[in-house]
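Numbering (our numbering), first residue to last: 4 to 694. C-beta atoms are modelled at their ideal positions from N, C-alpha and C, and glycine is treated no differently. Remember, it's a predicted structure, so these values are computed and weren't measured experimentally.
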Ligand code: IVH
């Protein structure tokens, strides 16, 4: 792979990772599995290792603070045997098919080991001479992270084995789980600290394993259950189940919920029993694993490329519960959007007590014809917030009331408004609605914005005292003011002030996100920061300039344009500037690679090895200015494959030079084979700024 191809792939991976981070952390609604997410990160890390000149400090692989990314700090090691997955089935018929296929090959009577399918983070432990010497995460199945230091802190995993008969050198695999009680406690702590809660115990377990602070891992209340010893490592055992019994006798944590089954009827009983009974377990399970017990038969059956032929997973259906809607709250967010939230009769669902569910917006309520007092069906998928998926109309009580959507803001009483083609009502009193102001202040300090640890309670205190009304007020806070707050002592107060002071170093992309411009999320903020380089350039951008940026649609362009034409916002920016915040990418994306294009205006058209936006970024990095239309002021038209015919025609008419990609690369000193030249053409920060 050459550097250009790598740059393209790196850019694409970073965008995907950031989008998934947003879905995971901000929306609590991950759309890809942890495993697939890890794959993206690993691929990116690999490319950055291969092409260090494309690595940037703000790549998602280096981001600190996020548990998920921390994993990249661990040594990566190859598994002795790949960690495979299991074939999934969702019906008893498919399990019967599995049994029939196995019977064809085995030809004698045999037994199955039925076990729970634990929903945590996969782990592979190596014991040598009876001592725990290594613990690898699953990783991509071939290479995992060496998290031995963290594993040693988890209760119940022996550092040395007891008893006798253990192989001198063997691996044993299983799952690290976060029990529901630990999960609830951890998330409550995270919410208090203003951090995003984990979406589910699985994410929490895998995030915890990759923490850099192993003491913290110890405090997280994780547990382990082991369920597989690769048969190569246990030659002298007859069956899988006997090997696990032996492992238990050596002090290893092995589940006691296993059962040997002689036929499909017994398998069905086991599945039927645990489908209900699993609700009483203190940890998450998502199915049953059925394994052919004899190790000899396992060897005969072997593996497909992805999974063993001797085992199959039966997945439970997502848990549903019926409960009653008691009332509806209408919550105002920092952007003024009003979200209806159902208060329900508490119901136990997937291990936690559920009493609230989002109702998204008025249309969502109408689509179910939901009434207060209705019995609703709720499910919990990968998300924290349960979803209502149906209403039992037959159970509607006679006095069930149709919800009345408020016409005024529940907080400040201002009449609500609705924008055309938007489903949400919002409170237009952005400047004075307390809930919106507090929401914006909290957002301003949040981890991915100014990164000042601060929870809702503190914001309430600061707001109620009148100390803080707008972000710039944080930078005027005095020690004596903080110490006058209830429960605040000298240490906490000075720590808070220190962290506010430290936020002055937070880079422009984060500051831009912190401003809370409507529709501008973290990724967009970072992209705008890198494209425009400074708040002044962004503030001057016309609506068309904004629209010309990839991924910026009309709504977003309008919102940004209007933001910078609102006097109160501009005044606030001035105050924040005066406080010393970063409003340009000084040491980042705009760092000049050369002055080769100084004073030139370049129009980029057609397709290139890099994306068009990256070509424009290259123009900027070499001192030029990228423009959208060919005119008398254009220095040259940079034409890739299939350039716009209109642009070519105009350039020809005006006598503007048309330059090929190769000529351009030569002009900016890129494209030469030596590494040094390549580094110059792809300056470190050029691609990083897009995150
Ligand atoms: S046996 C060769 N047993 O589910 C496969 N896996 O989707 C050996 N899992 O990668 C795995 N509970 O992380 C096995 N009782 C159990 C399990 C289990 C959970 C996980 C494991 C595996 C994944 C497959």
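Bridge-paired residues (DSSP) for residue i
i	result
residue 350	357
residue 91	316
residue 326	379
residue 306	311
residue 117	262 and 293
residue 81	146
residue 125	178
residue 332	344
residue 488	DSSP, once it has assigned bridges, lists no residue as partnering residue 488.
residue 140	126
residue 394	379
residue 411	418
residue 670	Answer is none; residue 670 lacks a bridge partner.
residue 537	587
residue 134	131 and 163
residue 429	340 and 420
residue 151	Answer by DSSP bridge pairing: none, since residue 151 is not bridged.
residue 288	121
residue 601	Answer by DSSP bridge pairing: none, since residue 601 is not bridged.
CA nearest to the CA of residue i, picked from the options
i	options	result
residue 518	440, 390 and 44	440
residue 369	391, 202, 662 and 19	391
residue 399	341, 356, 326 and 135	326
residue 113	243, 417, 92 and 208	243
residue 79	123, 57, 185 and 144	144
residue 272	256, 599 and 115	115
residue 659	633, 413 and 669	633
residue 315	567, 89, 59 and 304	89
residue 626	208, 609 and 671	671
residue 3	619, 581 and 646	Here the chain comprises residues numbered 4 to 694, so residue 3 is not present and cannot be evaluated.
residue 487	461, 205, 579 and 339	461
residue 364	340, 377, 347 and 356	340
residue 226	208, 234, 621 and 219	208
residue 150	638, 91 and 221	221
residue 605	412, 635 and 641	641
residue 159	652, 501, 251 and 310	251
residue 479	507, 512 and 493	507
residue 504	433, 579, 558 and 533	579
residue 1	81, 195 and 652	With the chain covering only 4 through 694, there is no way to say anything about residue 1.
residue 91	310, 201, 371 and 259	310
residue 130	106, 253 and 174	174
beta-carbon residue i near the ligand IVH non-hydrogen atom, thresh 7 Å
i	result
residue 86	yes
residue 83	no
residue 99	no
residue 260	no
residue 120	yes
residue 446	no
residue 231	yes
residue 246	no
residue 178	yes
residue 3	Given a span of 4 to 694 for the chain in the structure shown, any question on residue 3 remains unanswerable.
residue 89	yes
residue 125	yes
residue 311	yes
residue 314	yes
Anticipated Cβ contact below 8 Å, residue i with residue j, distance rounded
i	j	result
residue 228	residue 121	6 Å
residue 170	residue 236	6 Å
residue 514	residue 584	5 Å
residue 328	residue 373	7 Å
residue 189	residue 223	6 Å
residue 230	residue 305	Contact flag wrong, Cβ pair sits at about 19 Å.
residue 379	residue 394	5 Å
residue 212	residue 124	6 Å
Closer than 7 Å: residue i CB and nearest the ligand ATP heavy atom
i	result
residue 371	For the structure depicted, the ligand ATP is absent and the ligand set comprises only the ligand IVH.
Please give the ranges of any beta strand (DSSP E) in the region 165-200, keeping only runs that are unbroken, at least 3 residues long and fully inside the region. 172-180, all fully within the region 165-200.
Could you tell me which uninterrupted alpha helix (DSSP H) segments, each at least 4 residues in length, are contained entirely in the region 603-663, listed from first to last along the chain? Counting only runs of 4 or more residues that sit fully inside the region 603-663, the alpha helix (DSSP H) segments are 615-624 and 648-657, in chain order.
Which runs of the alpha helix (DSSP H) fall wholly inside the region 205-266 and span at least 4 residues, in chain order? Within the region 205-266, the complete alpha helix (DSSP H) segments at least 4 residues long are 217-222 and 243-252, listed from N- to C-terminus.
Every unbroken alpha helix (DSSP H) inside the region 449-496 [4 residues or more]: Within the region 449-496, the alpha helix (DSSP H) runs of at least 4 residues that lie entirely inside it are, in chain order, 459-467 and 482-486.
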